[in-house]
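Number of protein chains: 2
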Amino acid sequence: MSSGDRQSASGGSLLSWRESPAKRAIMDFLTAVTDRDSGDFVPEFDRIAVFDNDGTLWTEQPMYAQLAFALDRAAELGHPTSLEQLRAGGMAGVVELVKLTHSGITTSEFAAASRRWLASARHPRFGRPYPAMIYQPMLELLDLLARNGFSCWIFSGGGTDFMRAWAGEVYGLPPHRVIGSVGATEFRTGPDGPELVKDEAIRVINDGPQKPGSIHTHVGQRPIVAAGNTDGDLPMLQWTAASPHRTLQLVVDHTDADREYAYDRDPILGSGTQELHSIAAENRWTVIDMAADWVVVYPPLP
Amino acid sequence: MSSGDRQSASGGSLLSWRESPAKRAIMDFLTAVTDRDSGDFVPEFDRIAVFDNDGTLWTEQPMYAQLAFALDRAAELGHPTSLEQLRAGGMAGVVELVKLTHSGITTSEFAAASRRWLASARHPRFGRPYPAMIYQPMLELLDLLARNGFSCWIFSGGGTDFMRAWAGEVYGLPPHRVIGSVGATEFRTGPDGPELVKDEAIRVINDGPQKPGSIHTHVGQRPIVAAGNTDGDLPMLQWTAASPHRTLQLVVDHTDADREYAYDRDPILGSGTQELHSIAAENRWTVIDMAADWVVVYPPLP
Numbered sequence: 690m691s692s693g694d695r696q697s698a699s700g701g702s703l704l705s706w707r708e709s710p711a712k713r714a715i716m717d718f719l720t721a722v723t724d725r726d727s728g729d730f731v732p733e734f735d736r737i738a739v740f741d742n743d744g745t746l747w748t749e750q751p752m753y754a755q756l757a758f759a760l761d762r763a764a765e766l767g768h769p770t771s772l773e774q775l776r777a778g779g780m781a782g783v784v785e786l787v788k789l790t791h792s793g794i795t796t797s798e799f800a801a802a803s804r805r806w807l808a809s810a811r812h813p814r815f816g817r818p819y820p821a822m823i824y825q826p827m828l829e830l831l832d833l834l835a836r837n838g839f840s841c842w843i844f845s846g847g848g849t850d851f852m853r854a855w856a857g858e859v860y861g862l863p864p865h866r867v868i869g870s871v872g873a874t875e876f877r878t879g880p881d882g883p884e885l886v887k888d889e890a891i892r893v894i895n896d897g898p899q900k901p902g903s904i905h906t907h908v909g910q911r912p913i914v915a916a917g918n919t920d921g922d923l924p925m926l927q928w929t930a931a932s933p934h935r936t937l938q939l940v941v942d943h944t945d946a947d948r949e950y951a952y953d954r955d956p957i958l959g960s961g962t963q964e965l966h967s968i969a970a971e972n973r974w975t976v977i978d979m980a981a982d983w984v985v986v987y988p989p990l991p
Numbered sequence: 690m691s692s693g694d695r696q697s698a699s700g701g702s703l704l705s706w707r708e709s710p711a712k713r714a715i716m717d718f719l720t721a722v723t724d725r726d727s728g729d730f731v732p733e734f735d736r737i738a739v740f741d742n743d744g745t746l747w748t749e750q751p752m753y754a755q756l757a758f759a760l761d762r763a764a765e766l767g768h769p770t771s772l773e774q775l776r777a778g779g780m781a782g783v784v785e786l787v788k789l790t791h792s793g794i795t796t797s798e799f800a801a802a803s804r805r806w807l808a809s810a811r812h813p814r815f816g817r818p819y820p821a822m823i824y825q826p827m828l829e830l831l832d833l834l835a836r837n838g839f840s841c842w843i844f845s846g847g848g849t850d851f852m853r854a855w856a857g858e859v860y861g862l863p864p865h866r867v868i869g870s871v872g873a874t875e876f877r878t879g880p881d882g883p884e885l886v887k888d889e890a891i892r893v894i895n896d897g898p899q900k901p902g903s904i905h906t907h908v909g910q911r912p913i914v915a916a917g918n919t920d921g922d923l924p925m926l927q928w929t930a931a932s933p934h935r936t937l938q939l940v941v942d943h944t945d946a947d948r949e950y951a952y953d954r955d956p957i958l959g960s961g962t963q964e965l966h967s968i969a970a971e972n973r974w975t976v977i978d979m980a981a982d983w984v985v986v987y988p989p990l991p
């Protein structure tokens, strides 16, 4: 971040955001809903914000980090699979890979395996540890929302257990606010006492129309802020937009081939962005143009 | 509550608890885990307490309040069912009744229907509104735990949507900490915008070995306090007891035929208490003898 960029930042601590319509929309919204004298005031109890994770809070290219983890784990377990095989297999192939690598293991062992992988794996293009592939501007937004009385939650298509191994700490969220897809577990008494064993059955694939359903189950309140980047996030944004309160919808647009990636279709599973962008334009939702709106993409490395 | 009883109470605000081993166990535990100089100190982040609802926090006799609601709603919908028919049908009959009365309705309409019923229905023996059938001593315990930095959660076999229509307000808990059985929902755009329609599929029956699984999904941390009253709560208590921290297990024993009910088998579904009491004795868990330990059972009516 150059000192010139820093100078131009204002409005709290969105230091990595350029003075653009996106930042203005965020700041205007926050001012309105937190000002008791505003007609748009929202009590703290109802200040709920929901975020997609992959592609919204961190980089999802060239493939979801969790799939990179699953491919490495499959190889470790003696079932090597290539990215090409995975691409060719579509959703069914991904489900098979997840079953193989995410079941028959206790929840504690799985958390430990995820943490081991996260500590050593590096992003193939940027060479960073995956938890350092989060977007610095979104981290600042999460922080600004929290300081304004918001409860921020993640509703991702990724697995809850994998995300909780790193996301809580990195984003500053308690584990109960990190929600994703969920497999069934079996409760049993093992040699070390009671344990939960992850089994093969996938209970919730937390994408598309399931996201509002999961928000209902896990939060039980209608959010007033939602952020996403593909059509799979559209129902969550529509659900939020229909709140009786003033709301904010954020759409992260991947326009930055140099500093991140430029694309309009998410990797492997291929969820598009066309419907999202069309409805965002119709409803004047806030589109974040990564190349234009962000001073930096990633946080400084320690 | 007589002034004599009030006088004998000590230790915070458990005013409706007699000076008995149960109260002493609670107070000793709280003192130990909140004292920074104690070897049993537990940081606030890990102070998680989980409670069963029916029979643990409120009366479940002569039948679960939610079944009384379902029977009234079935009659309204033109499908009258008697309590005898329900008893004869067992779990399958209950599931049929729930499907009939808890589906084909949006989540907002269902919340409104639950609230309408709660405002007018009265308990058949005590004549109280159902939300006034909660146990005053447990209300004081929830409050004392909250004032000691605990996050209290409900994990009940009852339906999440039905409970949230009243439990949050009555127990002082945000909706996301009131968790029960969950049906699937369908996201659709209705005439008034996006809505969630409750459908017939039951996704989670939150009882027995499912309770630790739901705690893992919804909290993501191991509790250090658990309270229940039937064998269906046993896995939740065992899961809690296996925490590396000092823990507290509470078993509510229904011994009070005069002021509440005396029984050892829950209504309709017939979950017993024998295994729970046997394991409680073996592990010296704290059994709450309702007749002996509580000064009053229900809160004063307004």
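Chains A and B, in that order, are what the protein sequence lines are. Here the numbering used here is used: the first residue of the first sequence is 690, the next is one more, and so on. Here the numbering used here is used: the first residue of the second sequence is 690, the next is one more, and so on. Beta carbons: idealized from backbone N, C-alpha and C, even for Gly.
Residue-level contact by beta carbon fails for alanine 835 (chain A) and chain B, as no gap is shorter than 7 Å. By the CB criterion at 7 Å, threonine 975 (chain A) and leucine 939 (chain A) fall inside the cutoff. Within chain B, Gly882, Pro883 have C-beta atoms less than 7 Å from the C-beta of alanine 931 (chain A), given in sequence order. When the Cα atoms are used, valine 985 (chain B) and leucine 828 (chain B) turn out to be separated by approximately 12 Å.
Judged by beta-carbon spacing, alanine 854 (chain A) lies beyond the 7 Å limit of serine 792 (chain A), meaning their Cβ atoms are not closer than that value. Glycine 872 (chain B) has its alpha-carbon roughly 18 Å from the corresponding atom of leucine 760 (chain B). For valine 985 (chain B), no beta strand (DSSP E) run applies, since DSSP gives it neither H nor E. CA-to-CA, the gap between arginine 713 (chain A) and serine 702 (chain A) works out to about 13 Å. When C-alpha distances from alanine 931 (chain B) are compared across A:Ala821, A:Phe876, A:Phe815, A:Pro989, the shortest belongs to A:Phe876. In the three-state reduction of the DSSP assignment, proline 818 (chain B) falls in the strand class, which pools E and B. Comparing C-alpha distances from arginine 948 (chain A) to each of A:Arg811, A:Asp888, A:Ala980 shows the shortest one belongs to A:Ala980. Residue range 867-879 is occupied by the beta strand (DSSP E) that includes threonine 874 (chain B). Sequence-distant partners of valine 783 (chain B) (beyond 5 residues in either direction) whose C-beta falls short of 8 Å from its own C-beta, in its chain, are Leu756, Leu775, Ile957, Leu958. Contact check for glycine 846 (chain B) and aspartate 896 (chain B): beta-carbon distance about 4 Å, within the 8 Å limit, so the pair qualifies. Less than 7 Å divides the Cβ of aspartate 743 (chain A) from the Cβ of glutamate 749 (chain A). The stretch 882-968 of chain A contains, as complete alpha helix (DSSP H) runs of 4+ residues, the segments 899-907, 923-930 (chain order).
If you check the CB distance, leucine 746 (chain B) and histidine 768 (chain B) do not come in under 7 Å. Residues of chain A with a Cβ closer than 9 Å to the Cβ of phenylalanine 876 (chain B) are, in chain order, Gly897, Pro898, Gln899, Lys900, Pro901, Gly902, Pro924, Gln927, Trp928. Within the DSSP bridge table, the entry for phenylalanine 758 (chain A) names no partner.
With a cut-off of 8 Å on Cβ pairs, the stretch 900-913 of chain A is not in contact with the stretch 877-886 of chain A, counting fewer than three such pairs. DSSP places phenylalanine 844 (chain A) within a strand segment (E or B) once states are collapsed to three.
Taking the Cα positions, isoleucine 968 (chain B) is about 12 Å away from threonine 919 (chain B). At least 7 Å separates the beta-carbon of phenylalanine 839 (chain A) from that of arginine 725 (chain A).
Secondary structure of threonine 975 (chain A) (DSSP, three-state): strand.
Assignment of valine 739 (chain B) by DSSP, reduced to helix, strand and coil, places it in the strand class.
In chain order, Thr906 make up the part of chain A whose C-beta sits under 7 Å from the C-beta of threonine 849 (chain B). Of the candidates B:Pro988, B:Glu785, B:Asp942, B:Asp942 places its Cα closest to the Cα of aspartate 982 (chain B). In terms of Cβ geometry, lysine 887 (chain A) and isoleucine 823 (chain A) do not form a close pair [threshold 7 Å]. Against chain A, the CB of arginine 814 (chain B) has no partner CB under 7 Å away; the residue lies outside that interface.
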